[in-house]
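K.L.:
Sharing a structure below in structure tokens format, with a few things to ask.
Numbering (full-length UniProt numbering), first residue to last: 1 to 172.
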């Protein structure tokens with residue numbers, strides 16, 4: 001099959017990027033995580049339209065969810081537009097808030113332009129790592145959060161390829 005080596009290179013590039021980007025995420029102490037939660041929660045069920053979890057992550061068995069996003073910007077994309085997209089992505093840390101408490105729920109966001117000497121990027125130009133306290137927070141972000149939805153729309157016409165991989169550290 002002529003495309004098999006390319007598929008293998010792409011898979012390897014994604015795995016290496018995840019490993020690299022995961023190393024950029026710093027551990028958040030339970031007291032830091034607790035500052036992002038509200039004082040009480042009456043429901044433990046999750047749905048795609050509900051707000052992020054409001055129970056303290058440190059008081060539950062929930063593990064942080066690492067959300068990795070890799071972009072390939074169009075070759076002819078205006079550098080100022082690319083820089084603005086990156087700034088906008090990083091601003092989601094404070095722009096994404098729960099519907100009920102209006103408090104930010106993203107634990108951390110890091111990102112930047114690729115600078116790997118390995119040559120395994122397969123066109124990927126930028127990488128970002130977003131950390132959430134729970135899958136419920138991540139699901140709200142991906143499916144419902146208006147700030148994130150507006151950001152996704154802003155990518156139209158600038159991004160050729162996006163790769164997203166989420167994981168909980170240590171769960172294989």
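All residues carry an ideal CB built from backbone N, CA and C; glycine is no exception. Quick caveat: nothing in here was measured; it's all calculated off a predicted structure.
Since residue 107 and residue 132 should fall inside the 8 Å C-beta cutoff, what is the C-beta to C-beta distance between them, to a whole number of angstroms?
P.N.:
6 Å
K.L.:
Note down, in chain order, each residue of its chain lying with its Cβ closer than 6 Å to the Cβ of residue 126, except the 5 sequence neighbours on either side.
P.N.:
71 and 113
K.L.:
Taking residue 165 as part of the alpha helix (DSSP H), name the residues at either end of that continuous run.
P.N.:
Taken as a continuous stretch (DSSP letters only), residue 165 belongs to no alpha helix (DSSP H), being part of the beta strand (DSSP E) at 159 to 168.
K.L.:
In angstroms, rounded to a whole number, what distance separates the CA positions of residue 65 and residue 138?
P.N.:
7 Å
K.L.:
Expressed to the nearest angstrom, what Euclidean distance is found between the alpha-carbon atoms of residue 157 and residue 76?
P.N.:
10 Å
K.L.:
How big is the Cα-Cα spacing for residue 86 and residue 159?
P.N.:
12 Å
K.L.:
Would you kindly report the start and end of the unbroken beta strand (DSSP E) that includes residue 74?
P.N.:
Careful: residue 74 lies outside any beta strand (DSSP E) and carries neither H nor E.
K.L.:
Starting from residue 142, follow the beta strand (DSSP E) in both directions and report where the run begins and ends.
P.N.:
Per DSSP, residue 142 belongs to no beta strand (DSSP E); it is in the alpha helix (DSSP H), 135 to 143.
K.L.:
So, under 8 Å CB-CB, residue 164 and residue 69 are touching, yes? Tell me the CB distance rounded to an integer number of Å.
P.N.:
5 Å
K.L.:
Where do the ends of the alpha helix (DSSP H) carrying residue 154 lie?
P.N.:
146 to 154
K.L.:
Measuring only the C-alpha atoms, how far is residue 153 from residue 170?
P.N.:
Taking the straight line joining both Cα atoms gives about 33 Å.
K.L.:
What does a CB cutoff of less than 6 Å around residue 82 pick up in its chain, not counting 5 residues either side in sequence?
P.N.:
73
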